[in-house]
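Each remark here refers to the structure printed beneath this line.
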Amino acid sequence: MDNLIRQLIRKHKTNDPFVISEGLNINVWFADLGKGTRGMYIRQLRRRYIIIHHDLNDHWRRFVCAHELGHDRLHPGLNRFWLDKHTLFNPGKYERQANKFAIRLLIANDPPRRGETISEVLRRNGVPEEMARFYF
Amino acid sequence: MIKKLADFFEVSPDYLLGYNQSSVPTWATKKDVRDFRKMLEEETIMFDGMPLDDEDKEKILRVVEAVFWDAKKKNKRKPIEE
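Chain order of the listed sequences is A and B. My numbering puts the first sequence at residues 238 to 373. My numbering puts the second sequence at residues 61 to 142.
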């Protein structure tokens, strides 16, 4: 996974998930997804879409975008439709992988320093701290 | 099947059949609308397994519809003027 992330960052010259998504020809939309859903990934008619709940703050938007990008990169052909609801917190294997991908991507330019806790690294990089347990 | 779909999404069967259909763009061909209905049927099966309340289901369905028409439009060989 770290290799995949390194390649993505090298190719797109940034770890910004929005810029990478655009570079990969994925449409990113903001919409009202209701109470329970933070984000979705949809493949429809050979096109890919990331939908992010418009009520989320910037840090969460960035995280959700990175998480959905994780589905696109890690789980191609597996499912045309990912709905990330409580699954962000109560996840199966694929959601855990997408969370880990998101964290690793977002902290890639500013990795952990000696003696630092994971929460501190996440805070420094604007990643929601609740996600700390998906780091490994 | 249409009746079941309509019940599931709590809309009228007419809505699914395209009468009174606000989300179908004016440029859509008959084939586009057929594809649209087929997509709705497929997505419904998927929705079944998801723990969503009716309001959320409705909102997400709106987004799925919008995504479908956007993708359809982008896939047209000739650009659509609106």
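Here a beta-carbon is modelled for each residue, glycine too, at the ideal position from N, C-alpha and C. As the structure is a computational prediction, the values presented were derived from the model and not from experiment.
Asp269/A has a beta carbon lying within less than 8 Å of a beta carbon in chain B. When DSSP states are grouped into helix, strand and coil, Asp130/B belongs to the helix group. What Tyr286/A touches in chain B, judged by beta-carbon distance under 7 Å, is Val127, going in chain order. Between Asp321/A and Arg275/A, the C-beta gap is smaller than 8 Å, which places the two residues in contact. When secondary structure is reduced to three states using DSSP, Val364/A falls in the coil class, being assigned neither helix nor strand. DSSP, reduced to helix, strand and coil, places Leu320/A within a strand of the structure shown. Per DSSP, Tyr372/A lies in no alpha helix (DSSP H) segment and is marked neither H nor E.
Inter-residue distance for Gln281/A and Leu359/A is about 33 Å (C-alpha atoms, whole angstroms). With contact defined as three or more Cβ pairs closer than 8 Å, the stretch 337–345 of chain A and the stretch 283–290 of chain A are not in contact. Taking every protein chain shown into account, the CB of Met368/A has 16 or more other CB atoms within 10 angstroms, so this residue is buried. Leu315/A has its alpha-carbon roughly 21 Å from the corresponding atom of Ile120/B. In this structure, the beta-carbon distance from Asp295/A to Ile263/A does not fall below 8 Å.
Any Cβ of chain B closer than 8 Å to the Cβ of Leu282/A would place that residue at the interface, and such an atom is present.
Cβ-Cβ distances below 8 Å link Met238/A to Leu311, Gln334, Lys337, Phe338 and Arg341 in the same chain, with the five nearest sequence neighbours on each side left out; the list follows chain order.
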